[in-house]
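Okay, so here's the structure we're looking at.
4 protein chains.
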Amino acid sequence: MPIIVDKDRKRRDILQAAMRVFARDGYHRAKMEAVAEEAGIGKGTVYEYFKSKTDLFLVLHDHMLAELKDFYMKELAGIQQPAAILERFIAVAFQTFRVWEPFFLVFFDFWAEGGRGEQQALLQTRLREAYAVARADVAAIIAAGVKDGSFRCDNPSLAAASILATLDGLVLQWLCDRDAFDLDAMRETLTQGILRGLQP
Amino acid sequence: MPIIVDKDRKRRDILQAAMRVFARDGYHRAKMEAVAEEAGIGKGTVYEYFKSKTDLFLVLHDHMLAELKDFYMKELAGIQQPAAILERFIAVAFQTFRVWEPFFLVFFDFWAEGGRGEQQALLQTRLREAYAVARADVAAIIAAGVKDGSFRCDNPSLAAASILATLDGLVLQWLCDRDAFDLDAMRETLTQGILRGLQP
Amino acid sequence: MPIIVDKDRKRRDILQAAMRVFARDGYHRAKMEAVAEEAGIGKGTVYEYFKSKTDLFLVLHDHMLAELKDFYMKELAGIQQPAAILERFIAVAFQTFRVWEPFFLVFFDFWAEGGRGEQQALLQTRLREAYAVARADVAAIIAAGVKDGSFRCDNPSLAAASILATLDGLVLQWLCDRDAFDLDAMRETLTQGILRGLQP
Amino acid sequence: MPIIVDKDRKRRDILQAAMRVFARDGYHRAKMEAVAEEAGIGKGTVYEYFKSKTDLFLVLHDHMLAELKDFYMKELAGIQQPAAILERFIAVAFQTFRVWEPFFLVFFDFWAEGGRGEQQALLQTRLREAYAVARADVAAIIAAGVKDGSFRCDNPSLAAASILATLDGLVLQWLCDRDAFDLDAMRETLTQGILRGLQP
DNA sequence: GATGAATGAGAATTCATTCAT
DNA sequence: CATGAATGAATTCTCATTCAT
C-alpha cells in the first residue's frame, strides 16, 4: 500500500516542519503558511493532513513525545542495573538539551497552553498523561532498584516526579540562558546527587 | 485644577488585572480589552499607562518578580542558620504554588516568549537576569553554610541552579496536573534530599 | 476690556500653533494634543476656543487668508500705476513662497479637503469665496489698467484666474521640490510675460 | 491545479477602485474596506495585492501618472509643429479637467502628503521625479520650437515649469469651484497667451 | 477658565480557514 | 490530491472629544 506510506511520510514531514517553525516563532506567532513553506507544500495542503492549527499542535505533541520516548528506549535498551539505567537516563536527558533544542522550545508552548485547561483541555489531558507515564517509567526504574536492594526509596513516584521536574527546570533555565550553568558539570553533580539520595 | 489621580495606584491595578487575565487566557489569547475590563477601566486607558501589549507584558514580568522577591524577603527575614534559611526557602516556594497560581501561569508565557530571543529580546534579557539573581541568592545561602561548616558544596552556583530548576519543574508539573504529587510530601522529601545532599 | 483682549490673544496663539503643527504633520496626521503643546496650553483648553478640530481648521483658513491679505495690502499700499501694482503683486507672491512656507503647506490641506464638498462643505464654500475675492481683486487691478489705457484685456476676471493659478501652481511645484526652478528667474520671467500679455 | 487568476487585472481593478474611493473621500478618510467594497472583493484581498494603505497610495500615484502620460502620448502622437504640439498639449490638459476629475482630486492628496517629506518621503521623491519629467517633456517641445525658429525662449525649462504650474493651478481652482471660469474661454486665452509669449 | 485623565468609536492589518479549480 | 486566492472575524492601537475637579 504505497499510498498510505506516502501520506504518512508527508504527515511526518509536516510535523517536522511544524516543530521547526513553532520552535522558531512560537505556536501563536507561527503562521500555517510558514509551516507549509517549511514543509515545501502549499498552504491548503496542510489542511488535508490536519484539521486545524490546534489539531496540528496536538498531534505534534504526541508525535514529539513518541519520538522522545523512542530515543530513550533505544539509548536505555539492554542496560540491566537500575542505577546504571538511571544514570544513563539522566545522561540522555542532558544529551537532548543540546540535540533537541527545538523540541524543548516547542514544549514551552505545550506547557503554556496546557496550563490553561479551559482553552486547551485536550492538550492538558495529553500533558497530564505524558507526565503520568514518564513518572511511572522512572518510578519503575527506582522500584526495580528498591526490589533488588540497590536503592532505598519510600515513594518512587514522588522521587520520579522530582527527578523529572529537575530535568524540566534545567532545560527551561538553560534555554533561557546557555550560560546559566555548564551542562557536563551539572549532569555529573546531579547524577551523583540523585544516586546518593537513593542509596540504601 | 487637574484631576488628581494616583497614577501609581492605577498602574498597579492594571498590572494586577493583566496578571489575572494573562493567567486565565494566556498572553496571546488575552485581549487588551479584557485587561481593561478586569481593571474596571476603558480600553484606551490601558494605553495611557502602558505603551503596548508587549510593554505591559514586560513591566508585568518585572512587577511580578519584584513582588515575589518581596514575599521571599519577608518570609526569610531574621532566619540565621543557612540550613534553616534553605528549608524555609523551599517551604515558601511550595506555599507560592498554591497561593500564586496565576503568577506561575503567567510565567509559563514569560518562558515561552523569552525562549525566543528573536521575538522578545528584552524579555529574554529580563529572564536571564532574573535567573542569574535567583541563582546568586540561593548560592549565597549555600556558600554561607559552607563557610560556617554546616554545608559541604563544591559549586554553590550549580547547586542553586539545580534547586531552582527542581522548583520550577515542580510547579510546571503541578500546574499541569494538581494530582501529580502531594505537595506536602514532596516538600518534605525534597527538603530532606537537598539538605542531605549538602551535608558535610 | 482686558479679558476680551486676553482671550483673543490666546485664540490667535492657538491658531498660530495649529498652523505650525498642521504644516509639519498635515491636517489629518496632526493631533489636537500636539497643537495644544505647541501653543503651550492643555489639551482641553483648545476646546474652550474651538468647537472641534474641523472648526479649528476652518477658522485657521479664514485667519490665514486674512493675514495674507493684510500682508498684500501693506506691501501694495500707495502704489498707483496698475502695471506697478501687478508687478509688485507678483513680487510679493514670490516673497511669500519663502517666508510663508508653512502657510502654503497648510493650504495643501485646505485644497485637499475643500475639493471634497461632501466632507467639508463649509471649507469648500470658504475656498470658493476666497478664490472669488482674489480673482476680483486682481481683476480690479487689470480693469484699472484697461481703464487708464496701460493694459489691454478682454476678460480681466479670466486673466486674474490664470495669474492666480500660475502662482498657486508654482508654489505647489516649488514646495514639492525647491530645486524645481530658480525663484528669482521665475519671478522676472513671469512678470515680463504677464505684463507683455496685457500690453495694449 | 491552482486557481488561475489574472492577478495583474485584479491589481488594476483595485487601483481603479482606490482612485474612485480616494477621490470621493480623500486618502485619509478613505477606508481600506471601502476600497475593497468598491472593487467588489473582500477587505483582506486588498492586502494580497498591496502591502499597506500607503503602498496602495504610492502605487496608485505611479499608475495614475502612467495612465495620464499614455493619454497625452496618444493625443499628441503624429503632430509635428512645436506650436501645434503645445496647443494640443494645452487642449488635452483642459480635456482632462472634465474627464479625469477623480484623478485630480486624488492628486490633491498626493500634493498634500508629498509636501511633507518627513511623513511620505517615497511619495515626495515620486512627485519630484514626475514634475521633473513633465518639465523636461514640455521643455523639449519648446526647445524644438526654438531650434526650428518658431519659438523664442531663453529658458525652456523655466517656461515649462510655469506652463505646468498654470495648468495645475487652474485645475485646483476649477475643482474648488466649477464656476470659477469658463473652461473653453480659459483654454483659448491661455493658449494664445502662451504662444504669444513664445513668439520670436 | 484650565486641565489632562478617561474614553470608545474607528481603522489598519493579520491570518486561520475555505473552496474553486 | 494539491493548491493558493479569497475572505472576514478578530485584535491592536489611535485620537478627538468629554468632563470632573
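Chains as they are written, first to last, in my numbering: chain A, 1 to 200; chain B, 201 to 400; chain C, 401 to 600; chain D, 601 to 800. Think of the CB as a built atom: it goes at the ideal place given N, C-alpha and C, for glycine as much as any other residue. Quick caveat, the model's predicted, so the values are computed rather than measured.
Buried or exposed for residue i, please, with buried defined as at least 16 other CB atoms from any protein chain shown within 10 angstroms of its CB.
{"i": "ALA721/D", "result": "exposed"}
{"i": "PRO556/C", "result": "buried"}
{"i": "ALA477/C", "result": "exposed"}
{"i": "ASP309/B", "result": "buried"}
{"i": "ARG716/D", "result": "buried"}
{"i": "GLY444/C", "result": "exposed"}
{"i": "PRO200/A", "result": "exposed"}
{"i": "GLN81/A", "result": "exposed"}
{"i": "GLY749/D", "result": "exposed"}
{"i": "GLY369/B", "result": "buried"}
{"i": "GLN592/C", "result": "exposed"}
{"i": "PRO602/D", "result": "With a pLDDT of 43 at PRO602/D, under the threshold of 50, the modelled position of that residue is not reliable, and the figure given next carries that caveat. Per the 10 Å Cβ criterion, exposed."}
Have a look at residue i and residue j and give me their C-alpha separation to the nearest angstrom.
{"i": "ILE79/A", "j": "MET73/A", "result": "10 Å"}
{"i": "ALA495/C", "j": "PHE471/C", "result": "Looking at the sequence itself, residue 495/C is Gln, so the reference to Ala does not match. If you take the alpha carbons of GLN495/C and PHE471/C, they lie about 11 Å apart."}
{"i": "ASP182/A", "j": "LEU190/A", "result": "12 Å"}
{"i": "ALA132/A", "j": "ILE394/B", "result": "24 Å"}
{"i": "ARG20/A", "j": "TYR227/B", "result": "22 Å"}
{"i": "VAL446/C", "j": "GLU467/C", "result": "21 Å"}
{"i": "LEU60/A", "j": "THR54/A", "result": "10 Å"}
{"i": "ALA691/D", "j": "ARG787/D", "result": "7 Å"}
{"i": "GLU518/C", "j": "GLU48/A", "result": "50 Å"}
{"i": "GLY145/A", "j": "PHE151/A", "result": "5 Å"}
{"i": "LYS7/A", "j": "GLY714/D", "result": "55 Å"}
{"i": "ASP625/D", "j": "PHE657/D", "result": "13 Å"}
{"i": "ARG796/D", "j": "GLU675/D", "result": "23 Å"}
{"i": "LYS147/A", "j": "LEU367/B", "result": "29 Å"}
{"i": "TRP111/A", "j": "CYS353/B", "result": "33 Å"}
{"i": "LYS669/D", "j": "HIS663/D", "result": "10 Å"}
{"i": "ALA623/D", "j": "PHE707/D", "result": "9 Å"}
Kindly list, in the order they appear in chain C, the residues whose Cβ is closer than 9 Å to that of residue i.
{"i": "GLU633/D", "result": "Under the 9 Å cutoff, chain C gives no residues; its nearest Cβ is about 17 Å from GLU633/D."}
Under 8 Å between beta-carbons, which chain A residues line up against residue i? List them in chain order, please.
{"i": "MET386/B", "result": "LEU158, ALA161 and SER162"}
{"i": "THR366/B", "result": "SER162, ALA165, THR166 and GLY169"}
Note down, in chain order, every chain A residue with its Cβ under 9 Å from the Cβ of residue i.
{"i": "TRP311/B", "result": "PHE108, TRP111, ALA112, LEU172, LEU175 and CYS176"}
For the ligand GTP, any of its heavy atoms closer than 7 Å to the Cβ of residue i?
{"i": "GLU638/D", "result": "In terms of ligand content, the structure shown is empty, and the ligand GTP therefore cannot be addressed."}
Just to make sure I have the definition right: I need the residues of chain C whose C-beta is within less than 8 Å of the C-beta of residue i. Which are they?
{"i": "GLY797/D", "result": "GLY593, ARG596 and GLY597"}
{"i": "LEU727/D", "result": "CYS576 and ASP577"}
{"i": "ARG566/D", "result": "Missing from the structure shown is residue 566/D; chain D here goes from 601 to 800 and no further."}
{"i": "ALA721/D", "result": "Those within 8 Å of ALA721/D in chain C number zero; the least Cβ separation is about 12 Å."}
Note down, in chain order, every chain D residue with its Cβ under 8 Å from the Cβ of residue i.
{"i": "LEU590/C", "result": "SER762"}
{"i": "TYR531/C", "result": "GLN773, CYS776, ASP777 and ALA780"}
So with CB distances below 8 Å, who are the chain B contacts of residue i?
{"i": "ARG12/A", "result": "By Cβ distance, chain B contributes nothing, its closest Cβ being about 25 Å from ARG12/A, past 8 Å."}
Just to make sure I have the definition right: I need the residues of chain D whose C-beta is within less than 7 Å of the C-beta of residue i. Which are they?
{"i": "GLY515/C", "result": "LEU705, PHE708, LEU775 and CYS776"}
List, in chain order, every chain D residue whose beta-carbon is nearer than 9 Å to that of residue i.
{"i": "HIS428/C", "result": "GLY626, TYR627, HIS628, ARG629 and ALA712"}
{"i": "GLN524/C", "result": "CYS776 and ASP777"}
Could you work out which residues of chain C lie near residue i, taking near to mean beta carbons separated by less than 7 Å?
{"i": "GLN680/D", "result": "The premise fails here: GLN680/D is roughly 26 Å from chain C at the closest Cβ pair, so nothing lies under 7 Å."}
{"i": "ALA617/D", "result": "Simply none; closest approach about 17 Å."}
Counting pairs of Cβ atoms below 8 Å between the region 546–564 of chain C and the region 482–491 of chain C, do you hit three or more?
-> yes
Contact between the region 292–300 of chain B and the region 406–425 of chain C (3+ Cβ pairs under 8 Å) = no
Are the region 577–584 of chain C and the region 722–735 of chain D touching by the rule of at least three beta carbon pairs closer than 8 Å?
-> yes
Determine contact between the region 735–747 of chain D and the region 535–546 of chain C, defined as no fewer than three beta-carbon pairs at a distance below 8 Å.
-> no
For the region 432–443 of chain C and the region 225–238 of chain B, state whether three or more C-beta atom pairs, one from each stretch, are separated by less than 8 Å.
-> no
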